[in-house]
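The sequence shown lines up with residues 5 to 467 when you count with our numbering. Here's the structure we're looking at; comments come further down.
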Amino acid sequence: MIVPHSRLLFWVALLVGPSAALAGLTPSSLWILILLLTAFCSVVTFDALVARRALAGIAVELPEVVRLSKDRPGKIELHVRNEQQRACRLRLGLPLPSPIYSPHDEMLAQLPAGAEFSRLAWECTPRRRGQYRLEACYLEAPSPLRFWTWRTSAPLRTEIRVYPNLLQDRKSLASLFLNRTGLGIHSQRQVGQGRDFENLRDYIPGDGLDEIHWKATAKRAHLVTKVFQIERMQEVYVIVDASRLSARAQTSEVRNASSKPETGNGNSELETRSSEPILERFVTSALVLGLVAQRQADAFGILSFSDRIHNFVRAKTGKAHYSACRDALFALQPRLVTPDFGELFSFIRLRLRRRALLIFLTDLDDPVLAESFSQNLKIISRQHLVLVQMLRPAGVRPLFTGGDARTVDEVYERLGGHLQWDKLRELERALRKAGVHFSLVEQDALSVQMVSQYMNVKQRQLI
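In structure tokens:
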């Protein structure tokens with residue numbers, strides 16, 4: 005598409021207006037003015053015909069996959085190919101998706117003469133995790149006389165992957181990622197002798213009857229004892245709930261120190277703030293635990309579900325496997341459906357034969373779904389070690405905590421929060437009887453809590 009340049013508008017205004025006024029004042033100069041305008045129109049027409057070749061041999065290439073992190077400034081590299089290797093002033097535009105913010109809408113680039121390839125960087129900052137696509141890039145170049153500009157669009161097949169931002173969580177767990185895992189951790193005695201069979205040895209007085217290998221004893225005609233070693237690699241699975249329970253916004257309580265209750269005791273007021281869906285916190289914490297498991301040489305796996313199973317990545321080790329787990333979670337979005345715990349636990353029972361640590365990230369404040377979770381949990385609770393992590397909803401706490409109530413409505417709100425907290429305590433006691441550890445944690449402490457419990461399980465050899 006051809007578009008008039010501002011230079012053309014300037015020359016038209018400069019020639020046409022004065023020429024018309026001069027022709028009215030001096031009719032004898034009319035033919036000279038007509039010839040002058042005809043020559044100008046011929047030059048403009050010729051420049052318009054040549055403008056079609058302004059972008060000849062110029063192509064823009066982008067990587068097939070661009071990886072960015074949420075809320076962190078990044079760059080999209082553009083490779084401009086100039087086959088004719090001529091100097092050209094180029095104007096580019098990228099129609100970025102709305103969740104990806106860019107400080108500029110267009111970019112001006114001067115392609116140097118004699119260079120076939122040029123590299124440009126488009127600055128941007130993603131605001132939301134997910135998967136996005138770039139399908140076109142818009143180009144514009146001026147004609148030789150700068151009277152016209154030629155515009156076109158180049159098709160693209162670029163996928164933008166916005167991963168969760170793990171920087172804040174990694175800072176809170178810096179000792180693990182700096183190979184200083186002993187800092188701030190109390191040493192614990194390892195309980196038990198392990199479960200992995202190592203070899204056989206002759207019986208020593210004091211060995212238990214459960215440690216005797218009876219088949220080898222019968223063959224050798226004397227007592228033979230089994231020797232076990234502590235497990236070097238354990239399987240850890242994080243099971244992420246992507247149903248309507250995780251679609252609700254995160255609610256946090258922030259103390260407003262500027263406002264004081266009427267009692268004058270100086271207690272600060274609690275304000276409730278909502279932000280992103282709960283699933284965002286779940287995905288970030290799951291990937292942080294994957295990094296820690298990789299440092300501990302354990303096999304890490306991912307399972308996401310709602311009313312069906314979405315993604316299942318079997319536990320393995322290595323950087324390539326962690327990338328596969330990250331790719332399975334970065335585009336996960338909550339669905340407004342009720343979770344099917346029956347199908348979930350049946351799937352786990354059929355697929356996971358080896359004993360593993362299962363960490364559930366879900367929300368069980370709905371009594372009906374909490375009962376369904378408890379009933380179906382019996383399918384796997386004896387085979388696997390199960391931990392359940394739930395974010396504490398705003399206002400759910402014991403009655404006489406958080407300062408004094410200022411209004412009657414706040415009294416009822418706190419009473420309702422206490423009743424809900426008491427129900428969660430009952431759920432915790434019921435799950436504890438089944439051998440399941442239930443934790444009600446704060447939003448900012450979810451990653452730290454998960455890593456702490458995982459390290460405790462690993463040191464005590466509970467798997």
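Glycine included, each C-beta is placed from N, C-alpha and C at the ideal position. If you're wondering where the values come from, they're calculated on a predicted model, not measured in any experiment.
* Rounded to a whole number of angstroms, what is the C-alpha to C-alpha distance between Trp154 and Leu66? -> 22 Å
* Exposure label - Lys507; buried when at least 16 CB within 10 Å -> The shown model of the chain, from 5 to 467, leaves out residue 507, and the question about it has no answer.
* What are the partner residues of Ser451, as DSSP defines its beta bridges? -> Answer is none; Ser451 lacks a bridge partner.
* Asked: Cα-Cα, which of Lys323, Ala324, Asp51, Leu362 is closest to Ser308?
  -> Leu362
* Asked: So His422 is in the alpha helix (DSSP H); what residue range does that whole segment cover?
  -> Counting along the chain, His422 sits inside the alpha helix (DSSP H) bounded by residues 412-437.
* Asked: Beta carbon of Asp245, beta carbon of Phe364: below 9 Å?
  -> A contact, by the Cβ cut-off of 9 Å.
* Can you tell me which of Pro22, Tyr416, Asp331, Gln424 puts its alpha carbon nearest to the alpha carbon of Pro397? => Gln424
* Is Cys45 buried or exposed, if buried means 16 or more other CB atoms sit within 10 Å of its CB? -> That one is exposed.
* To do: Locate the alpha helix (DSSP H) running through Asn380, then write down its first and last residues.
  => 371-380
* To do: Take the Cβ of Glu139 as the centre, count every other Cβ of all protein chains shown within 10 Å, and call the residue buried at 16 or more, exposed below.
  => exposed
* Residue nearest to Arg174 in terms of C-alpha spacing, selected from Val242, Thr49, Val47, Thr288 -> Thr288
* **Exposure of Pro77, with buried meaning 16 or more beta-carbon neighbours within 10 Å** => Pro77 is exposed by the Cβ-count criterion.
* Just checking my contact of Ile467 with Leu389 at CB under 8 Å: how many whole Å lie between their CB atoms? -> Rounded to whole angstroms, the Cβ separation of Ile467 and Leu389 is 5 Å, and the two are in contact under 8 Å.
* **Cβ-based burial, Lys437 [other Cβ within 10 Å; buried from 16]** => exposed
* To do: List the whole-angstrom C-beta distance separating Pro338 from Ser451, where the pair is believed to meet the contact cut-off of C-beta under 8 Å.
  => At roughly 19 Å, the Cβ-Cβ gap does not stay under 8 Å, so Pro338 and Ser451 are not in contact.
* Give a yes or no on whether the C-beta atoms belonging to His64 and Arg90 are separated by under 9 Å. => The residue asked about is misnamed: residue 64 is Val in this sequence, not His. No.
* Just checking, does the stretch 373-393 make contact with the stretch 292-311 on the three C-beta pairs under 8 Å criterion? -> no
* Measure from the alpha carbon of Arg418 to the alpha carbon of each residue in Glu432, Glu430, Pro402, then state which is nearest. => Checked all of Glu432, Glu430, Pro402; the closest Cα to Arg418 is Pro402.
* **the stretch 337-356 / the stretch 212-221 touching (three or more Cβ pairs under 8 Å)** => no
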